[in-house]
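Protein chains in written order, with the working numbering: chain U, 48 to 162; chain Z, 19 to 131.
Idealized CB from N, CA, C, for every residue including glycine.
All of these numbers come straight from a predicted model, not from anything done at the bench.
In what follows, a structure is listed as structure tokens, so that the remarks can point back to it.
Structure (structure tokens):
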């Protein structure tokens, strides 16, 4: 199946821990994104990578560090987790050059709960 | 600063009725306006989109109306069905710029049978 897949789907962890979320797309897209959806469903962009190069870095705490080993993968590492980090994190991809908004494909999300 | 304002926050419609969701934007550099549909436990999925050179776009029961001078656009769902019950997000981007999507806060639509 062609898709954007994220793992894990659910993540429950204690404050202060470090965790990673992985994302992979097999759509051949050049650009990948991380979005955060808070408890009120608001979607906000965090990062964007184009072919392994960071192109968007919104005002996100530096405890969040994205890594793109190749253009099909974009991982998100979070250090020293805080209660306020609890949210659903979505990975997305798009075919850069055709207008990223045309082809945004989202993964199913990772629900992170910090206790 | 919220760049895309969406209303209403929630909407209840009877089966067969028309659902209308409105959005307004501030940034005149925006030139692409998609709508996304999100079901519980799923990621948002592109539903329909419009460029500012047209005032209306229709795909099946879904229509976007766009008013460039007012900086407003809306989604109309005709003959609403219970299966349309979902959260709908309007969004905007500048295709000539960073191309990042800026989302509205979402509208939870419930279509009663």
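Residue 71(U) vs residue 120(U) beta-carbon contact at 8 Å: Between residue 71(U) and residue 120(U), the gap from beta carbon to beta carbon is short of 8 Å.
Boundaries (first-last residue) of the beta strand (DSSP E) holding residue 158(U): First-last of the beta strand (DSSP E) with residue 158(U): 157-161.
Beta carbon of residue 120(Z) nearer than 8 Å to that of residue 22(Z): Contact: yes.
Residue-level contact to chain Z via CB, residue 118(U), 8 Å cutoff: Closer than 8 Å: no.
Residue 130(U) in three-state terms, based on DSSP: Annotated three-state conformation of residue 130(U) is helix, per DSSP.
Inter-stretch contact at 8 Å, needing at least 3 Cβ pairs: the stretch 86-96 of chain Z / the stretch 49-65 of chain U: Cβ pair count under 8 Å is below three, so no.
Per-residue DSSP class, three states only, for residue 49(Z): DSSP places residue 49(Z) in coil when its eight states are reduced to three.
Test item: CB-CB of residue 103(U) and residue 111(U) under 8 Å: Cβ distance not < 8 Å, so residue 103(U) and residue 111(U) don't count as in contact.
Beta-carbon proximity of residue 137(U) to residue 114(Z), cut-off 8 Å: Between residue 137(U) and residue 114(Z), the CB-CB gap reaches or exceeds 8 Å.
Contacts around residue 47(Z), its chain only, beta-carbon distance under 6 Å, and the 5 residues preceding and following it disregarded: The residues are 112.
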